[in-house]
Structures are given as structure tokens and as C-alpha cells.
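Enquirer: Keeping their order, the protein sequence lines are chains A and B. Residues in the first sequence are numbered from -8 upward in steps of one, following this note's numbering. Residues in the second sequence are numbered from 5 upward in steps of one, following this note's numbering. Just dropping this structure here.
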Amino acid sequence: MAALLRPARWLLRAGAAPRLTLSLRLLAGGPGRPHAVSYLPAARARPVAGGLLGPARLYVIAAEEKDIQEESTFSYRRITSQFDWALMRLDNSVRRTGRIPKTLLQKVFDNTCSSGGLGSNQALLLLRSCGSLLPEVKLEERTEFAHRIWDKLQELGAVYDVSHYNALLKVYLQNEYKFSQTDFLAKMEEANIQPNRVTYQRLIASYCNVGDIEGASKILGFMKTKDLPITEAVFDSLITGHARAGDMENAKNILTVMREAGIEPGPDTYLALLNAYAEKGDIDHVKQTLEKVEKSELYLMDRDLFQIIFSFAKAGYPQYVSEILEKVSRERRYIPDAMNLILLLVTEKLEDTALQILLACPVSKEDGLSDFGNFFLRHCVTMNTPVEKLTDYCKKLKQVQMHSSPLQFTLSCALRDNKTDLAKDLMKAMEEEGFPIRTHYFWPLLVGHQKEKNVQGIIEVLKGMQELGVHPNQDTYIDYVIPCFDSVLSARAVLEENGCLPDSDVFSQAALRTEAIKGNLDYILSFLKSNTSPLSLQSLRNSLLLGFRRSMNIDLWSKITELLYKDQRYCQKPPGPTEAVGYFLYNLIDSMSDSEVQAKEERLRQYFHQLKEMNFKIPENIYKGIRNLLDSYHVPELIKDAHMLIDNENLSSRKTMQLSSSKLESTIEILKAENQPIRDVLKQLILALCLEENMQKALEVKAKYESDMVIAGYAALINLCCRHDNPEEALNLKEELDRLDSSAVLDTNKYVALVKVLAKHGKLQDAINILKEMKEKDVLIKDSTVLSFFHILNGAALRGEIETVKQLHEAIVTLGIAKPSTNISFPLVTVYLEKDDLPAALEVAIDCYEKYKVLPRIHDILCKLIEKGETDLIQKAMDFVSQEQGEMMMLYDLFFAFLQTGNYKEAKKIIETPGIRARPARLQWFCDRCITSNQVETLEKLVELTQKLFECDRDQMYYSLLKLYKVNGDWQKADAVWNKMQEENVIPREKTLRLLAEILKDGNQEVPFDVPELWYEDEKLSLDSLLNSSASDARFQNDILKACRLKQSKEAYNLFLKAKQQNVVFTAETYNDLLKLLLSKEHFTQAMEVKNFAETHIKGFTLNDAANSFLIITQVRRDYLKEALTTLKTALDQQQTPFQLAVTRLIQALAMKGDVENIEAVQKMVNGLEDSIGLSRMVFINNIALAQIKNNNIDAAIENIENMLTSENQVMEPQYFGLGYLFRKVLEEQLQPAVEKISIMAERLANQFAIYKPVTDFFLQLVEAGKVDDARALLQRCGAIAEQTSILLVFFIRNSRKPGKASTLKSLSELIPELNEKEEAYNSLMKSYASERDVTSAKALYEHLTAKNIKLNDLFLKHYSFLLKSAGEPVPFTEPPETFEFYAQQIKESKENSS
Amino acid sequence: MAALAASGPVALRRTASRSVAFVRKIPWTAASSQLREHFAQFGRIKRCILPFDKETGFHRGMGWVQFSSEEELQNALQQESHIIDGVKCLKSQPTIGS
């Protein structure tokens, strides 16, 4: 008890009473052992001194112990981080409020248990929190809690030592727990733990607390025999002990005994005495002793006085409280201490004293709005303080203006605790005060019963409401009452039966909304039809919207809409039905998600059409809103359906026409002749010509009408000239523009283009002038602009133009167009590296560092230096880096350079340098570099060599390695990593496990561990679970959707079966998702079972587009063509759009069967939908022909095709008339007669009708089929094939994307060698060679092209260098530094720009 | 606070109108009708939302009041303190649509 209310005393005193005093006190040990304590290490000495001192102390000790542990071992890291968290939470609470809320302690405890990792320090922390730090908890409960913690943690494997036993003793003392000391010692002995001095001291205290001097003496004697020192704490306990034994004389005498033993009584000694007097109600002695203390040098703190107050109150002398209260000096920590006292008093049922303390608190009462005392009222409610007392307290608090609404607050506490009776009484009290009782006050009470489906409880609350004259409103019924019942009907019956339904209309409308939310539109319709009482649409609307979305029945949608917006009962008010129904539609669509609208597109369409038939109109502005919504949901097809509903038909239709350049030109001439202004048209003409890339013509037009040129025209022209690599014209135009308007500013890209073309053509000064102008005119510089400048510089560097690079770089950086960075300075070094001038390269890099603090390409320089063995330069570079960036950076630079150049031994030496530690960012940089350039070996070496690196995040390293293996699809190596990690004792993060699982799955391997699942929540799902009455259904659905998402078909199907057993029905969407999954995995039978179940359990269940498409594909694969046709028909009948793939597969399968009739049937079915499905006419033409050929009807097939190609009204432009599929199939199936006849047809079309597409396609198919000789013969017969460049190039590009086509492309390039020089062709070829590792062919191609002096693009070079490097061959040029994607994008962009 | 408002009720999210006040620290004793009643002195209330937590039966102390015009909203915002049921509420104009 001694220090119950003074947790931080030791800490606070530490400064004022330094160690010296402390050890002086300790000197007075037992007779003959004055210096005993000095044998103990400092860390142990402190808990001795704090034996009976405040609990806040324990955090200091805990923290110290943590330090020790951290120093000694690493494996405790996880445990300590968990410990840190727990310590932080509890410590924060203690520091702020001096207490720990029970819920917080419970939380930390639960968390500790579930985390599993358990350090003994954590156990200590928890145990030590179970005493006086819990003033809100009854004493017995605290001890119970401590025991629970003790047992549970022991179960979890916590190892207890003497500190734990001592902590438990302390808790016993603070909680005044009565226990058998001998049993306790026996328990310790059993556990083989030696009690120490602290144990004995606390045992003495425990005897003294119950006044058992004899027991205490026994221990004391024992201590003496063991030569343990007797401290002040022991004497303090003895004071309490004698007092509680009723012997005040001896208690008082202890002070003399102490002095005799050489121990000066301290504040705690006096406090023990004061408490002893207070417990006897001896106010006089208390006052005397206090005066004595005041006169001495000792000092009692407020919390000490609070303890005396508590002793008085607890012993039944509250009358003396005010006298002590007067002496309280109100130190800084007063309020939290007072609060703890108040809480403790309430816990001990001494509420009146608690209020007294509360009212004495110094609180600002100026504005009368800030409330104080919530904690008191809340705790009173928790401790079941009688309502009469509570209302009285509230009145007082309000009177003194400490709290503005104490009753209301108390009521909210009662509601939260679900104390119905108290709540009712408090409401009555509030009403007496003139404060109205509102319906929603009862909701928290209802919630409590609703959670337990406690109908009786609900009824009681409703009766209580009646009693207080409060009427439940619709929300009360919907949210809190009806959910308690199985159905609306049973709810009504039970309520009526119990006389809880005075106003049936409110309930009816609530029922209506409940049914609406559930999607029970039948109910809504019949209610609306029969209803006679007034109805607020406003409140019904939101529920109705939800209901619409849950129902599939469009007829009901329409009928309900009709009733609501046409029937006189519901719709009479302005602004009239037009606006109202418009808003309703808008809100309906707005409330749906985009995927929902997409899925229900057809239903919405039907709905719109039905509304149209019912003659509904909506205002145009609302239509526009709907249109925007539909647009943002990506269902523009619905817009036209919504458009029909517009009220006002006058739509302004403005068509913008694109005029051709020739037309514009003649317009200008006419205008000119009529002497009219031509500026606008001239501008249009210039823009049109630029669009046509007709530079010559554009320049001519400009020259002709120069006086009428405007800025925009010039800008476009300048850009055009830049694109056409014409720096002179571009410069001229720029000058003309400046003359026209010197303040005119071009956009950034045009400036960049100018700089680029000028730099390229050596017009350095002009380029720099443009840069200056950009600066002067403050042109917007984006990241992409800086990137463009980099490319300009890099281009010049690769061309070896040292001066250009230097001067442009200088201008760009000094003008501040780009900030100095490693990237922008990169080309400065590149230009020397390209020339293999390593000293200069290093010099430039160092220069950059001195000027701009960036060190560009240091890694590449080092690699080259190492390769060339330039030791002096390496030394120079290292000295520099080490001096400027530190030794660690230097070591890393060297390490990476050795790794990169394959000098692993040297790399190993570097990374084993003593003192080197992990630099995560640098390691990651190198990992990423290895991943992008696919350097498997280098990365593997990196991971291997860093194994022992201090603080290296091994998991992250392995993660990078796995990323690379994933790129290469190398599951064997990934599997090896998995074993390696175990060997190394690396604990993988979730993302690593997931990645590993993916690689293994991709390699069709079993995953040997549990894959952590991604947290995933669908919007739709959360809505469903909200609406679903049962939470377990929702969980089921959640699980199954997750399984679908993760493509776990077996899992999903099993869940379905389980749900089926339990009769749980999911939403239609769920079944569709499941079906899609099952069908895509070809589980046909299971899919059919799911379909049947869904059809029998969900009214109007239909498969959606995707599911139907998958069904068709599966049926085709299983050769159920008839069924597939039926499925397609069903899907189309439901206005669905099946996938192109599904329809194509079906048609192809029919063709192979020679089933012309059914192909034509399909053609009829999808008539008009070809575009939305994405189905080309050629699919039908090819397959009908194939089918005919299969039926040996070759002539008919050929005649058909010829007719289509040669007739007047062509079905299709000849250049799109691709017969590749037909040709391929015919060749594949070796339908020899057909091959011959087709060949003849193709040649005839070419020779007689100049239609070259078929013959070229045929030629290409021959090449692809490996019939090179036939192809060559065909080419000789029909030379025009070689001129079909665009067709051929498309063939190149397409095939370069497919694996294994290199030989095809190679033969093609050999057949038509002139193709080789086309960029698309050689790019594609190189890509194919690279992907097939065909170094020889690649080399030949490269040499051929360089011999022809063709400027090769970066993408080509990148592929080539990649190939060479992977084959271990030297690269004869600098590898383009960026990624493949980058260069591919670059080519794409340059094409877009020039087209 | 803007973020809170933006994640608020659906219907307000897309309304171009900005005349919405976001009110915090509403006393538990007030429901949406009290909120509406209080703010009605500043203008016509188009919409007033005070969501209740169906797990506890209490609201979360935050609500949105939509006025029919910007001017009315300004009226409300200019008033220094808003006291509902004797408790001072905090209000602010969320930056919807800006």
C-alpha cells in the first residue's frame, strides 16, 4: 500500500536526492554488515532501493534489461521489436495519465499472446502493470488478471526468473491480496528459483499489511542469518505492520530504532506513519506529523497527501478529507494524480469523496463550455453508482459550471454500457430539466439486443420508449428492430402481439424500405398498388435504388417507376414527373459502380426502352448528366438509349468537317480573288499540309502568302522542318517568326526539336541561342524535356562529338534548364568512353563532381579501368571517391565494378573488409541493374557474397534474385533459392513467398508452403455483405470470390459444394465468376453443376457474357458443337456480346467439319454485331471457303473468293482481304488439289486484276510452312510479291513477337533480300535472333547492315548487344544504356511524330 | 477534413455545387433533424446527413449540410460558433470540386 499513489517518485526524487543519500540509507543494514550493498552491481542496486517505490520505475528497469539483451543477442530482434511496441504503448499511457486503462493492457496482452514471440522482459512488463496502475479496476480483479497473465505466458513458454516472482509479489502488495507467504516460497523453490533480498522485503511488507508482526519478524530473522542488509523500506513496512496490529506506540518507535541503526527516516517513513494515523482517524496526530515534516528538510508531494486522503476515506473518516485537501499545493502533475485518486475512490465505492476531490480541481470555467469530469461520470456508471447519486452529482457539476451537460454525458455512458434501467431514469431526469428525449437515444440499447437477436430485449426497449412517450421512426424499425426478426411479417406479428405497434403506418413504410433494400420488388409493387396513405418518396428513394440494383426484373423496375411517377397518389407536386423521373434515373446510375453498369448494360437498355414506351421524358440537362456518367463508366453504347428519353428534341448538331488540303487551297484562291481575309484558312491549310507531311508544298504555300502567315502556322512549319531534318529552313522560319512577333513562344517540344536538329547538324551556336531563348521566355521544362535533352546530348556523345556535348551540356546546366544530375552529365563521360579515352572519362567525371556534385558513370568507368588493368587510374578514382564520398562508397563502387567485370575473388575481398555494412539503397541499385540487363550470374554472385554482410537484408536480396528468375521463368533456380533461404535461416517476407509461389506455379510445380493471401475487398462485395442478413453467408461469398480471383478452381468449387450443403446461395455475379473460372480450367462437369444449381436457386439466373463465352470455348474444345451453337444463341438472345475468341473458335471448328450451313447460321445470328464483337468478315469468308474445300467443293470456294474480289461492289477492300488462315489450313491439312487451285487463283488475281494481297499471303504461308522452294518458284512467277512491302513488313513484325519464327523470317529475308534494309524488317529479325540466341545470323545481319552504312537504331543495338553479352562475346559498340521498353517507346513515338 | 468530406455521401460527391458545410463535434444528443433545425436559420437546407454507426447506435459526430446556395453557406460559415444542444460544434467548408 505504501506507494500506491506515487508511481514516479523515485524518478522525480532522483535529481534531488542523489545516490549518496540512497546508499547512506542502505548503510544501515543489519548489525555487522554495514556495506553489504556495495557488492551488488549497480543495475541490481536500483530495484532494491525502489523495492517499495513507484511502479513507473519498472519501465526504466525494463528498458535497461532490454538494452542488455539487445547487446548480447541478435536472434531476439523480433521479440524485442514486439516488446518495444508494448513498452511504448504502456509507457505512453503511464507518462500521460499515470495509469493504464484496462482495455489497453488487455490489448497488449492479447497481442503478445498472438504474436507468439515472447521475451521474458515482456512477461515482466505485463505483470508489473497489474497493480496500482489500474485504478479503474477492482483490487481482486487486478490480481486475477495478473494470475491470468502469469499462467498464459507460462503456457506460451515464457521462462520466469526471480524478477517475475518479485513483480508478482509487488502486484499482491499493491492489490492488498491475501496469500500464503510460505506457499509462495514453496512455489519458488519448486521452480528452483532462489529468493533474493527484494523477495524477502516484499514478503515482510505482505505480513505487515495484515498486521502480522510475527510473520514479518520470521523473515527478518531469516534475512539476518543470510547477512542480507535491512533497508529503510523494511522499517517503513514495520511501521505499517505495528500500526495495523493496533500497536501505534511501537509503530512510532520504529523511527527511533531506525536512527539507532543509522538510518534517517525518509519521506516514505513519515508517509507510512501518516497513513497509520489516518487509518485510525487520528487527525490531530496527522496534523502534528505533517507539521513536523514541514519543519524538517523532507517534503511530501501532492500524491502523498492524496494517499492520506484515501486512507481517511477508506477507513471511514471522510470528514477529514477537506482538511488534507487544503494542504495540497497543486503541483504540475496534480490533475492526473487527482484523476487517479478519484477513479480509485469510485472503484472503492467512495464516490462522495471522489466528487469532493473533483470539485476541488482547478478547472477553467470561463466559457462554461469546456467540460470536466467525464472520466468521473463514466466510471460511476461503470461501477453501478445508484441513479439518485448520479443525478445529484450531475446537478452539482452543472451548478459549479464544471460541466455543461453532465446528464447527457452520463446517459451516453449508460447507453454504451447497455444499462437500460439507468438510461431510462436518466432520460426522465433530463426531461424534467426540459431536455427532450429523442428517438435515437434508444438505438444503442436496441443495438445491444439486436446483436444477440434478443427479441425480448427489443420489446422491452420499445415498451420503454412508449412509457417515455417516444415514437419509433422508420429508421428505428429498419436499422435496429426488423433485423432482429426472420422476416418483416414476423416482426409485425410479434410487435402487435406485445402492443408495441401504435402507429402502423410508420412500421409499414419501414417494412417497405426494408423489402426494397432486399430487392423484393414484388412486395414494393403490390404495396404501392394497394397503399392509400401518404408516402414520402424522399425517404423511400435510396432504399428503392438499392432494391432496383438487387433485382433483375426489369418489368418490375418499369412498373414501379410508372406507379411512382405517373400515379396521382405519389406524384403531384412540381417540378413534375419529368424532372423527378430524370433525377431518379440519374441517381440510379450514379449509385451503381462502373462494373455494375457494364454488367447490367442490357437490363438498363431494356429499362430505358420500356420507359420510352410508357412515354416517360427526362430534361436535357439531366440527360447530359446521365450521359457523362455512362461515359465515365465506359458504356457509351447506352447513351443512345438514354438519349431517346430526352424531353426536348432540339439538339444543336454541329458537325466539324475536316477539309482536305486541296479543297482549302482552292478556297484560299477564291477568297483571295474576292479580296477577303484568308488568314484562318491559310492556317488551316498549313496545318493540313503539315499533317500530310508535305514539307515542300507547305513551304511553297508559305512563300506565296507570306504576309498572311500567323504564329501557329510558323510553329507547325518549324516543327515540320525539324522532323524532316532540315535545319536551314527551320532556322529561317524561326527568324521570320521572330520578325513577325519577337515575343512569340513556341511550345516546349518544338524548341526541343529545334535544338535537336541544330545540334545534329553542327549548328552549335544556334542551338545554344535557342536554349537561351527558352530560358528568357520561361518555357515550361518538364521531366520529359530534360529527358529529351539527355537524348540529344547522348546522341552527340555516341556520334563522338565532344565539343557539341560539352557546350550544349554547359549551356543547359548553366542556364538552369536542367539541374545538374548524374543523368544529364552522363553523356559527358559517354563521349570519352565511346572513344576508349579512359583518363579523359575519369577526368570529366571528377570535374563533374567538383562542379555539380554528381559523379556520372563512375561504375562504367571503373569497370572499363578494371578490364584494361589501369591500376594507377583505378587508384586515382578510388582516392577521389573515398575522399569525397567516404570510404564506404568507394568500397561499394569497387565491389560492384569487380562483380560486373566478373572478378569475383576481388569482389569478395572488398565486401569482407572489416567494418563494411549494408547500404540497402546501393545494393538495390545494383540488383535492379542486374535484373534489367538480365545478368543472372552477377546477381547470384552478389547475393552469395553479401551473405555475411553486416545488416544485409537477406530477404530483400533473395527477393531480387527471384524477380530475375521470374523474368527468365527459371523455377529450378527459384526452388534452389527456397532451400538456400532455409539453410541461411532467412525469414521470408510475404511478398517473397508470393513471388516464389508464382514462379513455381508458372513452372507447373507444386508450392511447398502456405501462400499468404492478398487482402482483397471488392466494392460490390462489401455492399453485398452489408445487405446480406447473415454474416457467414458473406464470409462464404468472400472466400469463394477470393478463390476465384486467385484462380484456385478446386478451392472455389469445394467452397461452392460446402455452401450448397448448407443451402447458402450466393449472388448471380459470384456464380458467373465461379463458372468463368471452372470453364477456363476446363472443368466442364463441375461447371455444369454450378450452372444448374444457380439456375434452380436464383430466379432468372443467366450466365453473363464472359461465362457464356467460356462455355462456348469449352464446348467447342469438347466437340459439343451443337451445344455451343445453342449457347451462342442464348447469349445473343439475351443481348449479350460474346467474346470474339469464342465465336471464332466455334466458326473454325464448324469449318473443319465442313459445316457450311451452320457457319452461315452463325453469320446470321451475329449479323449487325460484328463490330461490337470485333469479328472480321474475313473470318466467315475464310471458314466458309475452308468448309467448302473440306466438302471437296474446291471450285465453289475459289469461285466465291474470286467473285468477291473482282465484283463491282466489293465486300472488302482488297488490301484487307486476308486469306492467310485459309491458306495455312489448306497447307497444314495437305489438301493438295486445293493448294494447287488456290495457287492458280492467287496468281490469276495478281496477273489479271492486279490484286496482290492473296498471292502475297499465299507466298508468306508457303514460307511459314517451310516450303521455301515453292515460295521461291511462286516469287519467280510473280515478282510483284516483292513489292508488297507493307504486307511483308507486317508479317515481319507480327512474327517477331512469336517465339520460334526466326527461321521463317530468315528465309523470307533471303528470298527478298531488299527487305533487309527496311527498319521494321531488320529490327524484327534482330529481335527474333536475339530471342533464339542465334548469334551467327545476328552477326551476319549486323555486318550486312553496317557494310551498307545503314544507321542502326538503339533498339536494334540493344537487342544485338544483349545477345552478344549473353553469348559471352564482346560488344563492338557501347550498349545503349536504357531499357528495351524505353527504345521501343522511342521508336513508336518518333513514328507517331512523323506520321 | 477535405478528405473526410470527399469520402462522404455518394450524392454529394458529384454534385458540382460547393455549398456544403462539413460539421464536426456534433453532440451525440443531436440527430440529423436537430442539425437541420439549427442550420435552417442560415438558409434553405437541401440535404443534411448525419450518418449513424449501426454497430453502436451512435453517430460519429460528423455531418454534412448542403445549402441551396453558396450565399447561405457563407452565412452559416460566418457565424463564429454553432451551439447545438449546448455544445459547440466545429464547421468548415469542404473543398468539394475545387
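In this text, a Cβ means the ideal position worked out from N, Cα and C, and glycines have one as well. Bear in mind that the values here come from a model prediction, so they are computed numbers and not experimental data.
I think A:T231 touches A:M249, with their Cβ atoms under 8 Å apart; what is that distance to the nearest whole Å?
Expert: That pair is no contact at about 14 Å.
Enquirer: Check A:V497 in the structure and name its three-state DSSP category.
Expert: Note: A:V497 maps to helix in three-state DSSP.
Enquirer: Below 8 Å between beta carbons: does that hold for A:I857 and A:A888?
Expert: Contact: yes.
Enquirer: Buried or exposed, going by whether 16 or more other CB atoms sit within 10 Å of the CB of B:G61?
Expert: Its Cβ being crowded by 16 or more others within 10 Å, B:G61 is buried.
Enquirer: Within its chain, find whatever has a CB closer than 6 Å to the CB of A:Y561; leave out the 5 residues flanking it on each side and keep chain order.
Expert: L555.
Enquirer: For B:G47, does the three-state DSSP call read helix, strand or coil?
Expert: DSSP places B:G47 in coil when its eight states are reduced to three.
Enquirer: Strictly below 9 Å CB to CB, what residues from chain B border A:Y471?
Expert: Under the 9 Å cutoff, chain B gives K58, G61.
Enquirer: If we cut at 8 Å on Cβ distances, does A:P610 have a partner in chain B?
Expert: No, its Cβ sits nowhere closer than 8 Å to a Cβ of chain B.
Enquirer: Assuming A:Y156 and A:I195 are in contact, meaning their beta carbons sit under 8 Å apart, how far apart are those beta carbons, in whole angstroms?
Expert: Incorrect: roughly 15 Å between the Cβ atoms, too far for contact.
Enquirer: For A:Q589, which residues of its own chain have a beta-carbon under 8 Å away from its beta-carbon, when the five flanking residues on both sides are left out?
Expert: So the qualifying residues of the chain are Y624, H625, V626.
Enquirer: Do the segment 575 to 583 of chain A and the segment 608 to 617 of chain A make contact, defined as three or more Cβ pairs closer than 8 Å?
Expert: Judged by Cβ distances under 8 Å, the segment 575 to 583 of chain A makes contact with the segment 608 to 617 of chain A, as three or more pairs qualify.
Enquirer: Put A:A908 into one of helix, strand or coil per three-state DSSP.
Expert: Before going further, note that residue 908 of chain A is Arg rather than Ala in the sequence given. Note: A:R908 maps to strand in three-state DSSP.
Enquirer: If we ignore side chains and look at the alpha-carbon of each, how far apart do A:A1278 and A:K1244 end up?
Expert: Residue 1278 of chain A is actually Ile in this sequence, not Ala. Distance between the alpha carbons of A:I1278 and A:K1244 is about 8 Å.
Enquirer: So if DSSP puts A:I637 in a beta bridge, which residue, or which two residues, is it bridged to?
Expert: Bridge partners of A:I637: A:I609.
Enquirer: Give, in chain order, every unbroken run of the alpha helix (DSSP H) that is at least 4 residues long and sits entirely within the segment 1314 to 1357 of chain A.
Expert: Segments of the alpha helix (DSSP H) lying fully in the segment 1314 to 1357 of chain A: 1326 to 1338, 1345 to 1357.
Enquirer: Taking the alpha carbon of A:Q559 as the reference point, which residue from A:I545, A:G448, A:D227, A:P525 has its own alpha carbon closest?
Expert: Checking every option, the nearest Cα to that of A:Q559 belongs to A:P525.
Enquirer: Measuring CA to CA, which of A:Y1207, A:H394, A:P1129, A:N1045 is closest to A:Q1077?
Expert: For A:Q1077, the nearest C-alpha among the options comes from A:N1045.
Enquirer: Near B:G65, which residues of its chain fall below 6 Å by C-beta distance, leaving aside the five closest residues on each side in sequence?
Expert: Closer than 6 Å at the Cβ level, and outside the excluded window around B:G65, lie K29, I30.
Enquirer: Using a Cβ-Cβ cut-off of less than 7 Å, list which residues of the segment 394 to 409 of chain A approach chain B; keep chain order.
Expert: Here the close residues are S395, S396, Q399, S403.
Enquirer: What are the boundary residues of the beta strand (DSSP E) that includes B:H86?
Expert: From DSSP, the beta strand (DSSP E) with B:H86 extends over 86 to 88.
Enquirer: Assess contact between the segment 850 to 866 of chain A and the segment 820 to 832 of chain A, defined as three or more Cβ pairs (one per stretch) separated by less than 8 Å. Is contact present?
Expert: Touching, yes.
Enquirer: Taking Cβ-Cβ distances shorter than 8 Å, what residues in chain A pair up with B:Q32?
Expert: The amino acid occupying residue 32 of chain B in the given sequence is Trp; Gln does not appear at that position. The answer, in chain order, is Q399, S403.
Enquirer: Alpha helix (DSSP H) containing A:S924: first to last residue?
Expert: No alpha helix (DSSP H) holds A:S924; DSSP gives it neither H nor E.
Enquirer: Taking DSSP as the reference, what is the three-state secondary structure of B:I53?
Expert: Reduced to three states, the DSSP call for B:I53 is strand.
Enquirer: So, for A:Y823: in the same chain, excluding its five sequence neighbours on each side, which residues have a beta-carbon less than 7 Å away from its beta-carbon?
Expert: These residues qualify, in order along the chain: A831, A832, V835.
Enquirer: Suppose you measure from the CA of A:E342 to the CA of A:N166; what does that come to, to the nearest Å?
Expert: Going by the C-alpha atoms only, they are around 20 Å apart.
Enquirer: Is A:F941 helix, strand or coil when you go by DSSP?
Expert: A:F941 falls in the strand class under three-state DSSP.
Enquirer: Kindly say whether B:A44, judged by its beta-carbon, lies nearer than 8 Å to any beta-carbon of chain A.
Expert: Chain A, which has no Cβ nearer than 8 Å to the Cβ of B:A44, makes this no.
Enquirer: Quick check: the segment 1218 to 1231 of chain A against the segment 1252 to 1260 of chain A, are at least 3 beta-carbon pairs closer than 8 Å?
Expert: Touching, yes, given that three or more Cβ pairs across the two stretches are closer than 8 Å.
Enquirer: Have a look at A:P(-2) and A:I326 and give me their C-alpha separation to the nearest angstrom.
Expert: Reliability fails at A:P(-2), whose pLDDT of 31 lies under 50, so the model's placement of it is uncertain and the value that follows must be treated cautiously. Answer to the nearest angstrom: the Cα atoms are 15 Å apart.
Enquirer: Nearest CA to the CA of A:N995: which residue from A:K982, A:W969, A:G960?
Expert: It is A:G960 whose Cα lies nearest to the Cα of A:N995.
Enquirer: Going along the chain, which residues of the segment 1337 to 1363 of chain A sit with their C-beta nearer than 7 Å to a C-beta in chain B?
Expert: So nothing in the stretch comes that close.
Enquirer: From which residue to which residue does the alpha helix (DSSP H) around A:G877 run?
Expert: No alpha helix (DSSP H) holds A:G877; DSSP gives it neither H nor E.
Enquirer: Hey, A:L1065 and A:F1047: beta-carbon distance below 8 Å or not?
Expert: Yes. Within cutoff.
Enquirer: I'd like to know if the segment 1324 to 1334 of chain A and the segment 780 to 799 of chain A are in contact, where contact means that at least 3 CB-CB pairs between them fall below 8 Å.
Expert: As far as the Cβ criterion goes, the segment 1324 to 1334 of chain A does not touch the segment 780 to 799 of chain A, which means the pair count is below three.
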